[in-house]
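K.L.:
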Amino acid sequence: LATPPVLVALPPRPYLNRSLMAELKGGRMQISSEELDKAGVDPAWRDYCAHLLVPLNKCRLVTYSMPWKCTDERHAYEKCQHEEFLRRVELAKAAKDEQEKLATVAK
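With my numbering applied, the sequence shown corresponds to residues 1 to 107, in that order.
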């Protein structure tokens with residue numbers, strides 16, 4: 001298997017407003033930690049798309065990881081990963097804009 005994706009969690013910053021903090025925390029996990037333990041998902045792979053990784057790994061196990069199999073599951077997982085990346089980029093941009101706004105007000 002490939003190496004797990006590197007997820008960078010943004011630390012809480014005082015210049016983030018409450019709505020950005022709520023969006024950052026998200027609470028978007030669609031599968032419980034117990035279900036991930038039962039499915040054998042390594043903690044490094046547990047992110048907001050882990051609910052799609054469970055059926056993908058099951059399909060890979062059944063099909064002996066043949067690359068031409070499990071394409072729908074893999075596409076759904078990769079799409080989720082991409083959308084999550086875009087969300088984090090948007091949050092980082094919003095945080096940067098908020099910081100610049102506060103810096104200009106402070107001058």
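Just so it is clear, CB atoms sit at the ideal spot from N, CA and C, and this is done for glycine as well. All values derive from a computational prediction rather than experimental measurement.
(1) Consult DSSP for Lys58 and reduce its assignment to one of helix, strand or coil.
(2) Do Asp47 and Gln81 come within 9 Å of each other at the CB atom, strictly closer than that value?
(3) Give every residue of the same chain whose Cβ lies closer than 8 Å to the Cβ of Pro55, excluding the five residues on either side of it in the sequence, and list them in chain order.
(4) Buried or exposed, going by whether 16 or more other CB atoms sit within 10 Å of the CB of Val92?
(5) From this set, Asn57, Lys96, Ala103, Glu84, which residue's C-alpha is nearest Arg28's C-alpha?
P.N.:
Inspection of the coordinates gives the following:
(1) DSSP places Lys58 in helix when its eight states are reduced to three.
(2) Yes, these two residues count as a Cβ contact at 9 Å.
(3) Beyond the five residues adjoining it in sequence on each side, Pro55 comes within less than 8 Å, by CB distance, of Glu73 in the same chain, given in chain order.
(4) Correcting the residue identity first, residue 92 is Ala in this sequence and not Val. By the neighbour-count rule (16 or more Cβ atoms within 10 Å), Ala92 is not buried but exposed.
(5) Answer by Cα proximity: Glu84.
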